[in-house]
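Residue numbers (our numbering), protein chains in the order written: chain A, 1168 to 1380; chain B, 1168 to 1380. Cβ atoms here follow ideal geometry from the backbone N, Cα and C, with glycine treated the same way.
Protein chains: 2
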Amino acid sequence: MAKHHILDTLTDALRDDVLEGLQVLRFPAGQVLFSAGEHCRGLPLVLSGSIKVQMTGVSGHSIVLYRMGADDICTLSIGCLMTGRGYRAEAISEGEAEAAIIPRGLFDRLMDQSAGFRLGIMESYGRRLDDLMLLVEEVAFHRMDERLEEWLQDRASSGQNVVLITHQELAVELGTAREVVSRLLKELERRGQVRLARGRVELTGLLRTTSLA
Amino acid sequence: MAKHHILDTLTDALRDDVLEGLQVLRFPAGQVLFSAGEHCRGLPLVLSGSIKVQMTGVSGHSIVLYRMGADDICTLSIGCLMTGRGYRAEAISEGEAEAAIIPRGLFDRLMDQSAGFRLGIMESYGRRLDDLMLLVEEVAFHRMDERLEEWLQDRASSGQNVVLITHQELAVELGTAREVVSRLLKELERRGQVRLARGRVELTGLLRTTSLA
DNA sequence: CGGGTTCAGTGATAAAGTCACACAGACCAG
DNA sequence: CTGGTCTGTGTGACTTTATCACTGAACCCG
């Protein structure tokens, strides 16, 4: 049963139509939902799990642009639907994930008939734009050691103090080279802030405080 | 008289309403249209001129995110309208510019009643998202000397081979430090590819070819 | 013309990216 | 359980970029 925040705003009649036209997909961990150049078949609504969106530049390097979680909308797909161009990035599920696909025609109808749906789409777009602007600033001006520590802190705070990830994957998260990550992690280990193992980073020391509020 | 691509798709009745509700503003060169933290009073449609959008990070450094030209829509404002949050970036006119402001209520009505208007908004959003994704890739992975040369080439190709800009402004365009720009430009001058003067860069050599197509 | 302001150049040093390669742990086949 | 293979990690040497501190040149204006 598809449950998504944006469907709550619909009238009962519309929602019934949607629930019929909807196709719910289930993805195992690491599944590629779409990749660069592919064309869009509908608007995915993320129902559960986490999906990372990353792009690979002409340079051959990759960087994670943002993540989508439950109740998110794949903003990127809207652009592809409207302009007919292929995706510029790729999306990969992390852990199990579910998404409902709204086909093109239904999407148009919802945009036409539901102000709430439109609002949801617009908000999603706005948030994504904000995310990317912050990312540009971060990549352009922040020190790599700080970005690494913040990333680990954010990731670890939800649950254990252990993050299962390779240095290469961390490099893609931050948009840098694997060697840089290895060296910075080693330095953190020397300072006693993390413990390292193959494919694993355990946070020990408190690192820096994430929020002062 | 306000003339904007997105108004062409409207029915005559709607367009008449719009032309009444519209407020056309004229900006001299260097005028700040809005700055970070400010709230949005309506959706600007750019009628003529060029407007650059840049943000200043917590680090205190600035970077130009993109430019808007004739027939563009200020996508950033939509997000601010919808969520009520303040702008995260600032917009500055380059040369004379004109914009028409669609007030909030009229915007909602257009979204509700015109599929063409919606399409225009969505396309604009999609393009902006694409721009920012490319910018992230560029900032993260491209060499500064190449980015500088490309920027100069792009800017100069439209018209003269002279660009009137200070090193500091160039640094903001590229999201780097002024000293870096100075050094790279000096190196280009040594190689005979540019001639430098205060606030002025003249392209001489052919630099690298921008398009191989 | 003098004096302040903006712009540009440069050395020293630190941070980050690149290239090349060594080695360690995990895994599999025989 | 052994040897080979793959993936992940560590590190030196070097280049590019960022930062800090300061100098001097060009411009503006009274």
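Check                                                                                                                                    : Outcome
Cβ-heavy atom distance, residue 1331 of chain A to the ligand FMN, below 7 Å                                                             : No copy of the ligand FMN appears in this structure; indeed no ligand is present at all.
Three-state secondary structure assigned by DSSP to residue 1264 of chain A                                                              : strand
Closer than 8 Å to chain B by CB, residue 1226 of chain A                                                                                : yes
Cutoff 8 Å: residue 1278 of chain B Cβ touching any chain A Cβ                                                                           : yes
Expected contact under 8 Å - CB spacing of residue 1249 of chain A and residue 1286 of chain B to nearest Å                              : 6 Å
For residue 1176 of chain A, the three-state DSSP class (helix, strand or coil)                                                          : helix
As assigned by DSSP and simplified to three states, the class of residue 1282 of chain A                                                 : helix
Members of the region 1234 to 1266 of chain B that neighbour chain A once the beta carbon cut-off is set at 9 Å                          : 1242, 1243, 1245, 1246, 1247, 1248, 1249, 1250, 1252, 1255, 1256
Whole-number beta carbon distance between residue 1266 of chain A and residue 1213 of chain A, since they are thought to touch under 8 Å : 5 Å
Spatial neighbours of residue 1278 of chain B in its chain, beta-carbon cut-off 8 Å, leaving aside the 5 residues before and after       : 1284, 1285, 1288
Residues that residue 1180 of chain B contacts on chain A, provided the C-beta gap is smaller than 7 Å                                   : Those within 7 Å of residue 1180 of chain B in chain A number zero; the least Cβ separation is about 18 Å.
Nearest-angstrom beta carbon gap, residue 1294 of chain B and residue 1329 of chain B [assumed within contact, 8 Å]                      : Not quite, the Cβ-Cβ distance comes to about 29 Å (not below 8 Å), so this is no contact.
Of the residues B:1190, B:1261, B:1241, B:1184, the one placed nearest residue 1196 of chain B, counting alpha carbons only              : B:1261
Straight-line Cα distance separating residue 1238 of chain A from residue 1172 of chain A                                                : 5 Å
Validate contact between the region 1174 to 1182 of chain B and the region 1353 to 1365 of chain A using beta carbons, cut 8 Å, 3 pairs  : no
Touching by the beta-carbon criterion (3+ pairs, under 8 Å), the region 1295 to 1305 of chain A and the region 1296 to 1309 of chain B   : yes
Neighbour flag for residue 1175 of chain A against chain B, beta carbons, 8 Å                                                            : no
Stretch pair the region 1220 to 1235 of chain B + the region 1268 to 1275 of chain B: three plus CB contacts closer than 8 Å             : no
Residue burial classification, residue 1226 of chain B (beta-carbon count within 10 angstroms, cutoff 16)                                : exposed
Within 8 Å of chain A by C-beta, residues of the region 1295 to 1320 of chain B in sequence order                                        : 1295, 1296, 1297, 1299, 1300, 1301, 1302, 1303, 1304, 1305, 1306, 1307, 1308, 1309
Cβ-based burial, residue 1361 of chain B [other Cβ within 10 Å; buried from 16]                                                          : buried
Among A:1168, A:1175, A:1258, A:1243, nearest to residue 1190 of chain A - alpha-carbon criterion                                        : A:1168
Coarse secondary structure for residue 1353 of chain A, derived from DSSP in three states                                                : helix
Residue 1253 of chain A beta carbon less than 8 Å from that of residue 1206 of chain A                                                   : yes
Test: residue 1269 of chain B CB closer than 8 Å to a CB of chain A                                                                      : no
Chain A contact residues for residue 1356 of chain B, given Cβ-Cβ distances below 7 Å                                                    : Residues of chain A passing the Cβ test: none, with the nearest at roughly 26 Å.
Chain B within 8 Å of residue 1222 of chain A, Cβ atoms only                                                                             : yes
When B:1335, B:1342, B:1291, B:1292 are compared against residue 1314 of chain B, the one with the closest alpha-carbon                  : B:1342
Neighbour-count burial assignment, residue 1331 of chain A, 16 or more Cβ in a 10 Å radius                                               : exposed
Euclidean distance between Cα positions of residue 1281 of chain B and residue 1184 of chain B                                           : 13 Å
Of the listed residues A:1259, A:1263, A:1371, A:1358, nearest to residue 1336 of chain A (C-alpha basis)                                : A:1259
Beta-carbon neighbours of residue 1282 of chain B, restricted to chain A and to distances below 9 Å                                      : 1275, 1278, 1279
Same chain, Cβ closer than 7 Å to residue 1230 of chain A, five either side skipped, listed in chain order                               : 1221, 1222, 1339, 1342
Separation of residue 1215 of chain A from residue 1363 of chain B, as counted between CA atoms                                          : 56 Å
Runs of alpha helix (DSSP H) wholly within the region 1269 to 1330 of chain B (minimum 4 residues, chain order)                          : 1271 to 1280, 1282 to 1308, 1311 to 1324
N-terminal and C-terminal residue of the beta strand (DSSP E) that residue 1216 of chain A is part of                                    : 1209 to 1223
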